[in-house]
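Visitor: Residue numbers (this note's numbering), protein chains in the order written: chain A, 30 to 410; chain U, 30 to 410; chain R, 317 to 656; chain V, 317 to 656. Quick one: the structure is below, questions incoming.
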């Protein structure tokens, strides 16, 4: 147990901080889901990151990454959020598909897909859900019919993050006639391929956040299948683990939010409900607890442990703390809670709305509690 | 809508108050579940109530009651709790078995059982649960074998309230070989009959609160069966409605507790957590809301409505508010929370412990939420 | 003692519910949002025709002379459809104040007139853009200002069917109606906010129930899973124990004492909490659908948020309950007690 | 940066867990309660033999010179069995204070000595009846009093395996050890209370899981119902996010700054909350069984309640976190920051 940074880690932090101070855009970029311009601005930021070798910091060097360990990754993230750097349009690539490709892809696939993913030249959307397959992902109906060296894809994907503007998507498709967990393959397809139609979906804050994708006889080479034919479910479960787990939700974002909440409280406590101070302190404790939990997990993984179903406890904790934090902010704002912020102001309302998606996406909290009960505690299915 | 009392209702309140002031024992009685002496002191109090015609106020006059309507009952209860009058050892008779007998009993059965129930000469225990039949009451295994004009009872009942000292019990028994909801009858048996063994069960506060009952070839006349043979489940469900619903949990008890909590807060707020004031106010609001809900229900029933699955919402509300109220008191007590009170002091600790039984007994809150979802909201089973 | 609604009250509320339900449908919400408007003149005309704007006005002023309880039932029906038009603000709060201060004013004679109202506690004014006049609070007085006497700056809000404005005005140019009963206005606003919140809450639950019966996952409707059932059952419990408080508060508002005010504040607190709880449960039960603009649950969440912030913060209302609790007798005989 | 326990730490904690688990069984609790005792001399001798009482004492005083983190792991194991003996109070808090104030005191040389401790914030003294001496706080000094110098009045408590006393003593007759570090004592007490609470919480969950796997209703184990699963999953989440805080607090206690103190108070708050939540969930899952004296879940509920009240109220500990939050830098780079 050594809860302080080594001189090397401190030097690394200084290096990240200096680089970000020199490169982070002075003004926030337009959101990547909102417009093509916002999307491309974020792609350009990915290229800037890549130019400093800060694009895929946890990826091995051989795949265009920096090969950082998880503690370094946490330090990087802390500095990244502290600097208010742009959101990562490349998130699906960094955390979901990249690691999955490295684990399950062939050498040719890695060579083809990883470098443009790392540089942001190709931005990826995910295409898991379908109208009838949400929590129950084995209910996927989209099909991949084998035709020689190609697959012919048909179906309807929905809630695809980044899909409105991204270049590529990866999703689950089943052999026609197969059922439930069997016969599914994980297949990549270009979002500008003939037969692909994508419609943006607006979130409850009125902004585009997802898209639905219709596939009508979309032809892709068999090369675009990750892993063996019919192995899609297995690979997807591994990916879902990455998504739920340590990697997607960096503690730094909540610590930044908790600090902003404390500032809001200090600025308004004279006219706000005194009982809310306990909630402000609670929000800080939650963010701290989440960070400590992730540091502990990172240390265990560095020491050789594997992440297990406890990833589901993370999902529940961060999603619930995020809602609590933002509800506290709105309560402090009182009669002004319903008003959108002045330009440049912290948009607590949008953060609140976004936080409501937390218990739903990446495996609903109901599913996560089932997983905890069944796989951690051993209760019967 | 008329939210004030009529002159008759005000006069009635004055009458109740005067009688109680003249009759309520100066010192609290020992608990009826704790010792035989405590039990008999409460039986004597029932006789005193009966002497003033205050025993079974909601029962029709023909059965030894006072024939009060529900608003009068609420006023009576308000004054009863306000006066700190003893707990009702006769509760199972007043609220569960009495009404059930009136609805399902023969004239002979009513004549035999209701008068001594009303006077407290015969105190009743309930005997629903069995070791393998709790939430799933259709899992009852105790049997009633018909033998001429008698039933021969065998089995093991548990969590029987009052059974340690009561005179009679009523419970569900099934025809040997019958299954689930079929073949069950509701049968009365004397707790001193040959073949009956009762063992007290201690609650988590260390006091006796229930008993388990072993029945070994206990013979009772067929006269002791309520309703038709095999009709037990139907009758029991009606009784469970009474138990869950309006009658068992009078709002006055929570209003008295909320007032005591406000007093505790006023006395200790200088050294307690200021954030707890919100909880004290919340406890008051909860008790008020519960009272208003019951007044509304009482008015609707007087106007001819029937009580339905909304009784389940009452169960959830009072059980959760009771825990919240007592937890708030313990939080105010801070370092003294773990200490039993000085003689004569309010025993918040015991109230807290008792409140933890609320979400469990009389149909667990999980079962109640299922009922609300299925019968009020119409969700599928 | 009689805690039941009269047949007339139930029928009148039913009339409102039918009118609102027929015209304020999901299709209609979507059309209004596409057209970026929060006011439907045709529906307002129907509301006026049905006499809903006259409900609280005294008969001497051509009103129906009904009570806050009658109006609360209409407000509840308005909440159930997330009604965009300012029926509550104008006919429930502002018009009765105007009628009390200036019974002979020309605006009081016009049942279609829309009057906005701006208490000091609200940073913005709702529906000022469609108002024929605005009642402004200053130093306890009410000032009547006309559209050409104010400058309106739109204040962007989360609720797409509610318009808010910052108002610049000059007391010297406005009509001073004298000292006004701003406490009564706040009491009415709080009760009607609570009543709307009940409607919002029930609609959120009803939408989720309908979805959960239909939506299949793992081979059965999601409404058959305990987790879904218990979310919605808990929301319904909150509604069931807010409703009688709201009804009692509305019925007792005329009492004008600390007991009535505490009940009004209690109603506002628990009804808006129930609406927030129900809306969030409904979004959760709808899953990703609930998080999309297409499915309308978000309207109920947003309106609940709006109602929770205006006309006194939650801390203000809790303090009113606390004052009653800590300075007046409590106990089981005090539920319907009045100031001595 | 390394947030893992050493193999030695894990092994030492495992030794304690085995010893406690072997001797502090449900049968043993029941026997102690029947005999109305809260101290088992045989187990105390084993605890002493294993060196657990020497753990925090400096090597110069014959101790093991280990750290609060090592002791916290033992305290967690003690919580898992609701250990009645005063290992934490004596060896974790009082003995190190005595060793710091009076390293040559005869009591410090006796590893079996039990020392009770009475900070001003606690109204009663735990385990005073079995103590060889008591450290009393007055005006910041620590006074050592011997059994024949005090009058003990039992204070009845809810926890059947914990004995509390009101102590009457005369500073003039007691040994004044001078100004003592009562803040360090409180920090240790808070961390070890948190560690015990983690153990209590996990045991409550484990008991419920075992019961829910076994208990059948409606033809299947109750543990297969979502309602039961989700109760216990939520409790486990609370444990998982209290544990790293407790470990970090124990590891950082020596830092002696406001950052460490805030973390210690944070640990105490969330670990005792997790224990309360887990114990109540466990009672609920056990149904009527959980409400009976026979089933031992109540022991964990009661001990959690005791740990939540002593050595600083929750408001005190929340205020310490607040002081750190509102007066020192916060943000993602401050997780392991120290006082400058």
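For glycine and all other residues, C-beta sits at the position ideal for the given N, C-alpha and C.
1) Quick one: what does DSSP say residue 502 of chain R is sitting in, helix, strand or coil?
2) Residue 102 of chain U to residue 140 of chain U, Cα distance in whole Å?
3) Rounded to the nearest angstrom, what separates residue 24 of chain A and residue 410 of chain A at their Cα positions?
4) Since residue 434 of chain R and residue 423 of chain R are thought to touch, with beta carbons under 8 Å apart, how far apart are those beta carbons, to the nearest angstrom?
5) Determine whether the Cβ of residue 307 of chain A lies closer than 8 Å to any Cβ atom of chain U.
6) Rounded to a whole number of angstroms, what is the C-alpha to C-alpha distance between residue 325 of chain V and residue 260 of chain A?
7) Quick one: which residues of the segment 611-642 of chain V get their C-beta closer than 7 Å to a C-beta of chain U? List them in chain order.
8) From the DSSP output, read off the bridge partner residues of residue 180 of chain A.
9) I want to know whether the segment 449-463 of chain R touches the segment 477-493 of chain R - three or more CB-CB distances under 8 Å.
10) Runs of 3 residues minimum, wholly inside the segment 360-438 of chain R: which ones carry the beta strand (DSSP E) assignment?
11) Is residue 584 of chain V buried or exposed, if buried means 16 or more other CB atoms sit within 10 Å of its CB?
12) Am I right that residue 32 of chain U and residue 652 of chain R are in contact with their C-beta atoms under 8 Å? What's the rounded C-beta distance?
13) Hey, would you say residue 473 of chain V sits closer than 8 Å to residue 484 of chain V, going by beta carbons?
14) Under a three-way DSSP split, which group does residue 547 of chain R fall into?
15) Which residues in chain V have a C-beta closer than 7 Å to the C-beta of residue 188 of chain U? List them in chain order.
16) Restricting to Cα atoms, I'd like to know which of V:318, V:617, V:317 and V:631 is closest to residue 475 of chain V.
17) Beta carbon of residue 541 of chain R, beta carbon of residue 568 of chain V: below 8 Å?
18) Find the residues of chain U that neighbour residue 529 of chain R, judging by a C-beta separation of less than 8 Å, and give them in chain order.
19) Would you report the Cα separation of residue 42 of chain U and residue 108 of chain U, rounded to the nearest angstrom?
20) Any contact of the segment 128-144 of chain A with the segment 361-370 of chain A, i.e. 3+ C-beta pairs under 8 Å?
21) My assumption, with CB atoms under 8 Å, is that residue 318 of chain U sits in contact with residue 419 of chain R. Please give the rounded CB distance.
22) Can you tell me the Cα-Cα spacing of residue 267 of chain A and residue 209 of chain A, whole angstroms?
23) Measuring straight from C-alpha to C-alpha, what distance separates residue 605 of chain V and residue 159 of chain U?
24) Residues of chain U with a CB under 7 Å from the CB of residue 304 of chain A: which are they?
25) For residue 367 of chain A, which residues in chain R fall below 7 Å Cβ to Cβ?
26) Can you list, in chain order, the residues of its chain whose CB lies under 6 Å from that of residue 505 of chain V, leaving out five sequence neighbours each side?
27) Is DSSP giving residue 584 of chain R helix, strand or coil here?
28) So residue 171 of chain A and residue 134 of chain A are supposed to be a Cβ contact under 8 Å. How far apart are they, rounded?
29) In its own chain, which residues sit with a C-beta less than 6 Å from the C-beta of residue 106 of chain U, not counting the 5 before and 5 after it?
30) Using three-state DSSP, classify residue 153 of chain U as helix, strand or coil.
31) Taking the C-alpha atoms as reference points, what is the distance between residue 454 of chain R and residue 576 of chain R?
32) Do you know offhand how far residue 232 of chain U's Cα is from residue 376 of chain U's?
33) Would you tell me roughly how many angstroms separate the C-alpha atoms of residue 370 of chain V and residue 615 of chain V, rounded to the nearest one?
34) Would you report the Cα separation of residue 188 of chain A and residue 341 of chain A, rounded to the nearest angstrom?
35) So, does the CB of residue 273 of chain U fall closer than 8 Å to a CB anywhere in chain R?
36) Under the three-state reduction of DSSP, which class applies to residue 277 of chain R: helix, strand or coil?
Guide: Let me spell this out:
1) Helix.
2) Whole-angstrom Cα-Cα distance: 24 Å.
3) Outside the shown range of chain A, which is 30 to 410, sits residue 24 of chain A, and nothing can be said about it.
4) No, residue 434 of chain R and residue 423 of chain R are not in contact; Cβ-Cβ is about 16 Å, not under 8 Å.
5) By this cut-off, residue 307 of chain A is an interface position.
6) Spanning the two alpha carbons is a distance of roughly 42 Å.
7) If the cut-off is 7 Å between Cβ atoms, the segment 611-642 of chain V has 614, 621, 622, 625, 626, 629, 630 and 631 near chain U.
8) Looking at the DSSP assignment, residue 180 of chain A forms a beta bridge with A:175 and A:249.
9) Flag = yes, the segment 449-463 of chain R and the segment 477-493 of chain R touch.
10) 431-434, all fully within the segment 360-438 of chain R.
11) It counts as buried.
12) Contact flag correct, Cβ pair sits at about 5 Å.
13) Cβ atoms of residue 473 of chain V and residue 484 of chain V: not closer than 8 Å.
14) Note: residue 547 of chain R maps to helix in three-state DSSP.
15) Within chain V, 604 have C-beta atoms less than 7 Å from the C-beta of residue 188 of chain U, given in sequence order.
16) With distances taken between Cα atoms, residue 475 of chain V lies closest to V:617.
17) No, these two residues do not count as a Cβ contact at 8 Å.
18) Under the 8 Å cutoff, chain U gives 407, 408 and 409.
19) Taking the straight line joining both Cα atoms gives about 7 Å.
20) Flag = no, the segment 128-144 of chain A and the segment 361-370 of chain A do not touch.
21) Cβ atoms of residue 318 of chain U and residue 419 of chain R stay farther apart than 8 Å, at about 38 Å.
22) Each residue's alpha carbon lies about 17 Å from the other.
23) Rounded to whole angstroms, residue 605 of chain V to residue 159 of chain U spans 11 Å at the Cα level.
24) Using a Cβ-Cβ cut-off of 7 Å, residue 304 of chain A is close to 304 and 307 of chain U, given in chain order.
25) Residues of chain R passing the Cβ test: 473, 474, 475, 621, 622 and 625.
26) So the qualifying residues of the chain are 409 and 627.
27) Residue 584 of chain R: helix per DSSP, three-state reduction.
28) Going by Cβ atoms, the distance from residue 171 of chain A to residue 134 of chain A rounds to 21 Å, so no, they are not a contact pair.
29) Around residue 106 of chain U, the same chain offers 279 and 281 as residues with beta carbons nearer than 6 Å, after the five sequence neighbours per side are excluded.
30) Secondary structure of residue 153 of chain U (DSSP, three-state): strand.
31) Approximately 25 Å between the Cα atoms of the pair.
32) Cα-Cα distance, rounded: 16 Å.
33) Whole-angstrom Cα-Cα distance: 28 Å.
34) Distance between the alpha carbons of residue 188 of chain A and residue 341 of chain A: 21 Å.
35) Model confidence at residue 273 of chain U stands at a pLDDT of 49, short of 50, so the residue's coordinates are unreliable; what they give is reported in the following sentence. Using a CB distance cut-off of 8 Å, residue 273 of chain U does not count as an interface residue toward chain R.
36) An answer regarding residue 277 of chain R cannot be provided, because it is not within the stretch 317 to 656 covered by chain R.
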